[in-house]
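Following the working numbering, the numbering of the sequence shown begins with 16 at its first residue and continues without gaps.
Before any comments, here is the structure.
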Amino acid sequence: MIEIKDITKTYGSGDTAFQALKGISFTIKDGEFIAIMGPSGSGKSTLMHILGCLDTLTTGTYFLDGKDVSTLTDEELAEIRRLHVGFVFQSFNLLPRTTVMRNVMLPLIYAGVSDEERDERSRKVLSAAGMTESHFSHLSNQLSGGQIQRVAIARALVNDPSLILADEPTGNLDSKTGEIVLGTFQKLNREHGRTVILITHEHDVAEHAERIITLRDGVVVTDSKSHARKHAKHHEV
Ligand SMILES: Nc1ncnc2c1ncn2[C@@H]1O[C@H](COP(=O)(O)OP(=O)(O)O)[C@@H](O)[C@H]1O
Ligand SMILES: [Mg+2]
Numbered sequence: 016m017i018e019i020k021d022i023t024k025t026y027g028s029g030d031t032a033f034q035a036l037k038g039i040s041f042t043i044k045d046g047e048f049i050a051i052m053g054p055s056g057s058g059k060s061t062l063m064h065i066l067g068c069l070d071t072l073t074t075g076t077y078f079l080d081g082k083d084v085s086t087l088t089d090e091e092l093a094e095i096r097r098l099h100v101g102f103v104f105q106s107f108n109l110l111p112r113t114t115v116m117r118n119v120m121l122p123l124i125y126a127g128v129s130d131e132e133r134d135e136r137s138r139k140v141l142s143a144a145g146m147t148e149s150h151f152s153h154l155s156n157q158l159s160g161g162q163i164q165r166v167a168i169a170r171a172l173v174n175d176p177s178l179i180l181a182d183e184p185t186g187n188l189d190s191k192t193g194e195i196v197l198g199t200f201q202k203l204n205r206e207h208g209r210t211v212i213l214i215t216h217e218h219d220v221a222e223h224a225e226r227i228i229t230l231r232d233g234v235v236v237t238d239s240k241s242h243a244r245k246h247a248k249h250h251e252v
């Protein structure tokens with residue numbers, strides 16, 4: 016469970032200081048599927064980095080599973096990221112000139128999982144994300160946009176995370192591939208009980224979640240149930 020209270024984030028200092036988050040509070044229960052929506056520059060990625068323990072807040076409190084994140088050591092934060100959080104970044108961040116398999120197993124190498132188990136788990140999540148076996152040994156720079164996104168999702172799932180954070184995961188996809196990706200998140204949430212936080216600037220994408228939090232200029236402007244909840248027609252996993 017995530018509980019944030021009055022969090023702010025200021026980048027830089029002095030004359031160039033910029034407050035990207037201006038006092039944000041909400042609670043997310045285990046197993047919820049939430050969209051964080053807002054126009055470009057509203058603070059979505061900043062918030063995701065804080066929720067994923069990739070960056071620290073300036074003021075306020077963040078309790079993750081009952082622990083005050085500001086009291087955790089760097090090692091403890093790294094362990095949370097490695098074992099409990101799956102990230103799908105806006106810019107995919109696949110290693111270039113590196114095979115699909117190796118890109119996906121990277122989090123497991125960091126987590127110290129054995130060779131054999133790494134191989135097995137990577138194959139499983141790649142198939143689940145809709146990649147065909149013949150592509151597993153391709154280099155990341157030989158893939159299409161849709162394939163890159165599937166590999167990025169497979170990598171986010173390979174450590175079996177309880178929390179999935181996805182930053183604009185459908186931003187560069189055609190609508191059919193986008194539906195498959197959203198359906199995959201819905202299935203992970205519904206059938207596998209994962210907490211999913213989906214960041215998007217598109218209303219149509221946000222409506223695939225159960226609840227929508229809207230940000231504007233670093234503050235929450237609405238937080239409510241998704242009234243016209245959409246169910247993706249396609250999914251793979
Ligand atoms: N590292 C940084 N240094 C300074 N300003 C930043 C940094 N990262 C983001 N910002 C600023 O903070 C605001 C929010 O950015 P961001 O969280 O990326 O928004 P969003 O993801 O909603 O587009 C923007 O005005 C952006 O320019
Ligand atoms: Mg962003």
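Yeah, the Cβ is synthetic: ideal placement off N, Cα and C, and Gly gets one too.
Query	Result
Consult DSSP for Leu334 and reduce its assignment to one of helix, strand or coil.	Any question about residue 334 goes unanswered here, given that the chain covers just 16 to 252.
Starting from the C-beta of Arg165, find all residues in its chain whose C-beta is less than 7 Å away, skip the five residues before and the five after it, and write them out in chain order.	Ala144, Gly145, Met146
How many Å lie between Gly27 and Phe33 at the Cα?	6 Å
Is the distance from the Cβ of Gly46 to the Cβ of Thr229 below 8 Å?	no
State the CB to CB distance for the pair Leu72 and Thr42, rounded to an integer number of angstroms; the pair is presumed to be in contact (CB under 8 Å).	Contact flag wrong, Cβ pair sits at about 16 Å.
Is Arg96 helix, strand or coil by DSSP?	helix
How many Å lie between Asp175 and Gly38 at the Cα?	32 Å
Report yes or no: do three or more beta-carbon pairs, one from the segment 115 to 134 and one from the segment 79 to 90, lie closer than 8 Å?	no
In chain order, what residues have a CB nearer than 6 Å to some heavy atom of ligand 1?	Tyr26, Gly27, Phe33, Ala35, Gly53, Ser55, Gly56, Ser57, Gly58, Lys59, Ser60, Thr61
Got a sec, what are the start and stop residues for the beta strand (DSSP E) Lys24 sits in?	17 to 26
In chain order, what residues of the same chain lie with their CB nearer than 7 Å to the CB of Lys20, ignoring the 5 residues before and after it?	Ser40, Gly75, Thr76
What are the boundary residues of the alpha helix (DSSP H) that Ser60 is part of?	59 to 66
In angstroms with no decimal places, state the Cα-to-Cα distance between Val252 and Val140.	At Val252, the pLDDT of 49 sits below 50, so the modelled position is not reliable; the number obtained from the coordinates is stated separately. So the alpha carbons of these two residues sit roughly 8 Å apart.
In this structure, does DSSP put Asp238 in helix, strand or coil?	strand
For a minimum of 3 consecutive residues, which ranges assigned as the beta strand (DSSP E) are wholly contained in the segment 153 to 216?	178 to 182, 210 to 215
Taking one C-beta from the segment 213 to 231 and one from the segment 178 to 188 each time, how about it: are there three or more such pairs within less than 8 Å?	yes
The beta strand (DSSP E) that contains Ala35, what's its start and end?	33 to 43
Measuring alpha carbon to alpha carbon, tell me which of Leu180, Ser142, Lys59 ends up nearest Val103.	Leu180
Can you check which of these residues, Arg112, Val236, Arg209, Ser137, is closest to Ala224 by C-alpha distance?	Arg209
Report the partner residues of Ala50 according to the DSSP bridge assignment.	Leu213, Ile227
Could you tell me whether the Cβ atoms of Ala169 and Leu109 are closer together than 8 Å?	no
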